Structure formats: structure tokens, C-alpha cells
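Residue numbers (our numbering): 38 to 364.
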């Protein structure tokens, strides 16, 4: 009896401390909810004040709005504004045209930079809702039956194993990453059918191809885009810098993975060889991304070996002059 009482007496302070900790958590959550409720009420009051100023009871607008011309056709008065790039459009046709020419998806960028001076309650509300959406998406992804299904894991294992047999180191990302979701690469006993992304930096354009066989040459892959005869008229007009240049000036580069940010390098690929031959001995994360550049135009992409050669040459020249000055 005394031993049991002593044990219970020893446990009692722990229970008191745990109850105090739980009470502290509940109090903190309550104050947090009160704080956000205060912010929402404050935001609603501001919205009501703005609506009263813009739409007074006499029916007249107290604010003078400036009319804008459509930035696509430059003829009609604008009626719409893109939430992402803030371009003005007058009709559905101009909206679709601006999305095609600007590579715009029309979805507001919730993670765009906002300076402290421009940060308002609307930005706070947007960030709060964005965090809630991220939490819901992550929770739904972990609960999805296909994420942890044996069939999905077996498919990814076979995909990596097949690539390893072709001397390609294929790496897959965890579920939830954009590239993991976009990847549509498949394979059979004979060949790969790659999900491929083409980026044209000089025109700020990119295109996604699906089901590209690995025995197709890079020259044939690029023909519908940079060939002045076989390319689509809309694509040809957008990639005018490439279609008007000789094919000998076109260079195809692929970023080398697993390098630090301050030493980014690219491999130059051979357009006359197949996609499989160009990918051998390289590391690919989910799917290949090819950069199409021109020799005649300046770009910031350093091909593997070129930057090192320049550095070594400068080092040798400096060493030579220092040797002459010392002698």
C-alpha cells in the first residue's frame, strides 16, 4: 500500500506538468485564432471602406479610372487583365494569343516577390491561404493510394534499371515535385519513349514533347521548331531568331547535374546522333531538358571544358610573365 501510494505521488507532479503544458498549447492556439480573426476583420473593414469610396450611394464613381489599350492588338480598349503577367487584353482571342506568345498560363503567381513597403493585408491573406493550400496538398499526397502502391514503386524501379542498362543514370524525385508529376517517360523491351523539354533561351520559349523515341536524332526532333520549311508558321514566327540562322550555328546543350551552383556547366550534344547516344554516360533527373542556343548570340552557358581551358591558359600566361620578370 505505501509503495503504491509513493509511486502515485511521484507520478502526480508529472501529470500536473503535462496538464499545464496542454493548457499552454490550447491558450496559444486560442490567441493565434484571435489574432488571425482580428486581421480578417480589419481586412473586411478596409474592403468595405474601399467599396464605399468607389461605389457611393449617389451612383457616381468618385475615382477616375484610366482606360488602357489592348497590349496584344493595340486597337480596342482593354477589358481584361492577366493575373500573372498583368497584360491587358480586349477579347478572348487576344487573351489566347498573349498566352501563346508570352508562354503565360494565366494563373496568378502566389510566390511572387513583394517588398515590405508594398506588403498589404491582401498579401498577408494570400500568403495565409497559400500555406493552407500547401498543407492540404501535402496531406492529400501522402494519403493517395497510388503514392505508396507497389505497382508505382515497381514501375520506377524498372525504369531506372532499364536506363542503367543503357548507361544512363536516371534519378526520380519524390512525389509532389513538379518534374515527378510532369514526367510521362515510358519504355518497352526495345526502347525508351522520353518526356523531353526544349528551351530556346534567345526567344524565351520552351516546348514539351511526349513519347519521343530514343532512336530519333536530335536534328529530326528540332526540325518542327527551327526548320524554316517544316516548322509550324506560329512557331516559326516566335522562333524567328533560330529559323533565320544557319543550322550550323545551332548548338544543343544539356545541363550537367550534381554540380554546385557556382560551377554550372553544360554538355554539348551531337545533333546528328540519336537521343539515346547523346544521353549515354549522363545523369538525368526525371527527364532530359535540352537548351537550344546559337553560336553567334551571347549566352551565359559554359560548356564543360571551355571555362577550364580558359582558366588554365590564363594561369599559364601569368606564370610565364612572372617567370620572365623574376629572371
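Note that beta-carbon positions come from the ideal geometry of N, C-alpha and C, so glycine has one too. In this text, all values refer to a predicted model and were calculated from it rather than measured experimentally.
| Asked | Found |
| --- | --- |
| Environment of residue 325 [buried if 16+ CB atoms lie within 10 Å] | buried |
| Environment of residue 88 [buried if 16+ CB atoms lie within 10 Å] | At residue 88 the pLDDT is 43, less than 50, meaning the model places this residue with poor confidence; the figure from the coordinates comes in the next sentence. Flag for residue 88 reads exposed. |
| Test item: CB-CB of residue 247 and residue 312 under 8 Å | no |
| Alpha helix (DSSP H) runs wholly inside the region 253-325, at least 4 long, in chain order | 255-263, 270-275, 277-280 and 312-316 |
| Delimiting residues of the alpha helix (DSSP H) encompassing residue 219 | 215-219 |
| The region 257-270 in contact with the region 233-246 per 3-pair CB rule at 8 Å | yes |
| Minimum C-alpha distance to residue 226 - residue among 251, 141 and 155 | 251 |
| Cβ shell of residue 318 (< 7 Å), same chain only, five flanking positions each side left out | 204 |
| Pair within 8 Å by beta-carbon distance, residue 249 and residue 233 | yes |
| Three-state secondary structure (DSSP) of residue 121 | coil |
| Per-residue burial, residue 126 [other beta carbons within 10 Å of its own, 16 or more giving buried] | buried |
| Nearest-angstrom Cβ-Cβ length linking residue 209 and residue 218, presumed shorter than 8 Å | Residue 209 to residue 218, Cβ: 12 Å. No contact. |
| Helix, strand or coil at residue 210 according to DSSP, with G and I counted as helix | coil |
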